[in-house]
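Just so we're aligned, residue 89 is where the sequence shown starts under my numbering, counting upward by one.
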Amino acid sequence: MKKQALDPEAKTKPHIIEHLGISALRSTHPEVRKLKRQQSGHSAHGNKVWRSSFVLMDYLTTYPPEPASQVLDVGCGWGLTSIFLAKEYAAKVTGLDIDSGVEPFLRLQAQVNQCEIKFQCGGFESLTETELSAFHLIVAADICFWDEMVDPLLDLFRDALAAGVKRIVIADPGRPPFWSLCEHAVETLDAEIVTRRIYEPWRTEKFILVIERA
Ligand SMILES: C[S@@+](CC[C@H](N)C(=O)[O-])C[C@H]1O[C@@H](n2cnc3c(N)ncnc32)[C@H](O)[C@@H]1O
């Protein structure tokens with residue numbers, strides 16, 4: 089049988105993914121495990137490193153934000169997309185999540201990457217146009233996983249565009265609610281859907297909904 093080449097880092101950093109300039113602590117990392125032991129459990133799936141976020145980051149390397157843009161990362165979870173944008177493009181990022189339990193994980197990941205992310209606990213449904221007007225770009229990964237999320241996300245997009253947000257980029261593995269979101273966003277908001285494949289840190293293909301205004 090052919091021997092598999094060992095990642096030279098694997099022995100020393102088996103719990104860290106180094107990719108696109110960021111270090112992402114996996115769920116198995118001792119510090120992450122320690123935080124998990126302190127919590128009784130997460131409520132809405134913000135409990136690991138999600139692959140869609142790496143596809144989103146990869147897409148953003150091709151279509152990066154202006155340096156020092158104000159960015160909102162909706163359903164930020166552990167905040168890896170936020171950290172990537174802050175580190176690579178000096179973006180001023182607010183990570184919004186309905187689950188306060190993700191905050192210590194986001195803080196840990198940000199500390200390891202030596203960057204500052206503002207965390208806001210709350211649902212995207214309650215963001216006002218005034219709040220949204222502070223942002224140039226809205227990003228999200230894997231945030232449309234229930235049917236009930238489709239209409240509030242469409243409302244968020246409409247409010248954000250009305251507030252002057254220039255670009256909205258949402259990555260997803262392609263669950264049925266996401267396709268429903270895409271259908272409405274293409275019809276009513278002139279959205280585009282693209283497929284994006286990455287080969288590192290995993291070989292995977294995801295879908296990206298993009299809405300842009302001049
Ligand atoms: C599948 S995880 C993805 C996390 C992160 N975007 C990533 O890719 O690593 C979905 C995240 O959305 C958050 N979430 C779910 N409903 C939300 C809502 N209504 N408003 C804000 N965040 C929400 C969850 O708490 C969770 O952290």
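Built from N, CA and C at the ideal position, the CB exists for glycine as well.
Neighbour-count burial assignment, residue i, 16 or more Cβ in a 10 Å radius
i	result
V120	buried
D127	Note that residue 127 is Gln in the sequence shown here, rather than Asp. Counting Cβ neighbours within 10 Å, Q127 comes out exposed, since fewer than 16 surround it.
R285	exposed
S141	buried
G210	exposed
G163	buried
S188	exposed
A156	exposed
A302	exposed
Short Cβ contact (8 Å threshold) for residue i with residue j
i	j	result
D161	V181	yes
A198	E191	no
D260	D230	yes
A250	L168	no
P265	W234	yes
T276	R139	no
For residue i, the nearest candidate out of the options (CA to CA)
i	options	result
V282	F212, G211 and I296	I296
L148	I105, A228, L113 and C232	A228
R255	H224, P265, W290 and L108	H224
T116	G109, P102, L108 and G210	P102
L215	C270, S170 and R246	R246
Q202	A222, E213, A178 and E217	A178
W267	W290, Y287 and K294	K294
V238	E219, K136, E213 and A248	E213
I226	G262, E300, V200 and W166	E300
Q158	I258, P118, R114 and E219	E219
I186	V274, R114, G262 and N135	N135
R114	G262, V200 and E154	V200
G262	E154, C232 and P118	C232
Own chain residues within Cβ distance below 6 Å of residue i, not counting five before or after
i	result
Q208	T182 and L184
H272	L242
E280	V298
I258	A228 and L297
Proximal residues to residue i (C-beta, below 8 Å), its chain only, five neighbours per side dropped
i	result
L108	F142, M145, D146, T149, F172 and E176
Y287	none
P152	E176 and Y177
V274	E280 and I281
Integer Cβ distance of residue i from residue j, believed to fall under 8 Å
i	j	result
L269	L241	6 Å
L196	L123	7 Å
V110	V137	The question names Val, yet the displayed sequence has Ile at residue 110. I110 to V137, Cβ: 11 Å. No contact.
Beta-carbon proximity list for residue i, same chain, < 7 Å, skipping 5 on both sides
i	result
S221	A251 and G252
E217	D247, A250 and A251
S170	D161, C164, V181, G183 and I205
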